Amino acid sequence: MKLKGLLTFILALFVITSSNVFAEKAKTLVFSAIPDQDETRLKERFGGMADYLSEKLEVPVKYIPVKSYAAVITAFRNNQVQLAWFGGLSGVQARLKVNGSQAIAQGVEDTKFRTYIIANYKTGLKKSDEFPKEIAGKTFTFGSKGSTSGRLMPQFYIEKAMKEDVNKVFKRVGFSGNHSKTIALVQTGAYEVGAVNYKVWEKELKEGKIDTSKVSVIWSTPPFQDYQWTIRGDADKVWGEGFTDKVKAALLDLKDKNLLDKFPRSAFIEAKNSDYQPILDTAKSIGIID
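Here the sequence shown is numbered in this note's numbering, starting from 311 and rising by one per residue.
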């Protein structure tokens, strides 16, 4: 009876241990992204990415949409998501809140990103290599308050050129929430001028969604660092040693043109936290980060 009891105990211990190992392996990697475009586009893009990562990583991967830039930073901080597609500014803010978090991949185009200043045709403003100081006194819309290309960098360059706060430069300042809405608001004349992510502009232009007789690009910022994938610093503790490197490798190995076009990016390349020091410095210089 003692031997039988011992065997039963060993069997139960094996079952429990095996179950724990299986549960650990089956733990879902949850990721999100800044809502820089409309929700339908984001679901198409990141639903495909979830399938790709799940296959490459051999763990369940789930994408959850959020309503704001602040919401994805909060979800990352609270460990509701462990991986995120951030903009330059939101990535910096998220990594400041979660020790050990790493930027691991960026689009080829993200090393030299740009913001377009766009204007409604009724303003009479035309494209120029020089900063268009004639935008002073107009109504102006940024994208999200937490956007790098939709707020941080255009605000920096506007204030640098005009030598005063944006709220004094413009008659009225607004925040559309995302780049697609910025284009729509300036095209309809709800705002006379706006700042938009150049990739969103070029994609929507190619798709015939922009009426260039009503809205056009009048200036482009110099290049800056922007979007990146950031993973929490405790990922290896949860999924095992080397998991962070495995996620990075999966992103760098992505060759599916259809999926890349949805970002749109030509490929992903390695990123590191130090790449975004200029973003942090800029955010501090205009008071977005203390």
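Glycine included, every Cβ here is placed at the ideal spot set by N, Cα and C. Owing to the predicted nature of the structure, the values given are computational and were not obtained by experimental measurement.
Give the straight-line distance between the Cα atoms of residue i and residue j, rounded to the nearest whole angstrom.
i	j	result
T554	V525	43 Å
E334	F423	Note that E334 scores 43 on pLDDT, short of 50, meaning its location in the model is unreliable and no value can be drawn from it.
S438	A577	31 Å
S530	Q538	21 Å
E512	K443	24 Å
L393	E474	38 Å
Given that a residue counts as buried once 16 or more other Cβ atoms are within 10 Å of its Cβ, and exposed if not, what is residue i?
i	result
L406	exposed
G597	exposed
E517	exposed
S400	buried
V496	buried
L352	buried
S457	buried
L515	exposed
Let me check one thing: in DSSP terms, what residues is residue i bridge-paired to?
i	result
R482	T449
A274	The chain is shown from 311 up to 600; residue 274 falls before or after that span and cannot be answered.
V371	L339
With distance defined between alpha-carbon atoms, name the residue in the options nearest to residue i.
i	options	result
K491	A581, Y537, F534 and I520	I520
A560	E354, L462, V369 and S342	V369
S486	A343, D348 and S342	D348
G410	L590, L515 and I541	I541
A343	D600, I493, N488 and A581	N488
P464	P532, N388 and Q403	P532
S523	F441, N583 and K436	K436
S459	F480, T421 and E440	T421
Beta-carbon of residue i versus every beta-carbon of chain B: anything under 7 Å?
i	result
K565	Of the chains in the structure shown, none is chain B; there is only one protein chain.
If you measure from the CB of residue i, is any heavy atom of the ligand SAH nearer than 6 Å?
i	result
V503	In terms of ligand content, the structure shown is empty, and the ligand SAH therefore cannot be addressed.
Worksheet item: Counting Cβ pairs, one atom from each stretch, are 3 or more of them under 8 Å apart for the region 492 to 504 and the region 428 to 440?
Response: The region 492 to 504 vs the region 428 to 440: in contact.
Worksheet entry | Inter-stretch contact (C-beta, 8 Å, three-pair minimum) for the region 443 to 455 and the region 503 to 515 | By the criterion of at least three beta-carbon pairs nearer than 8 Å, the region 443 to 455 is in contact with the region 503 to 515.
Worksheet item: Within the chosen definition, does the region 464 to 474 reach the region 544 to 553 through at least 3 CB pairs nearer than 8 Å?
Response: Cβ pair count under 8 Å is below three, so no.
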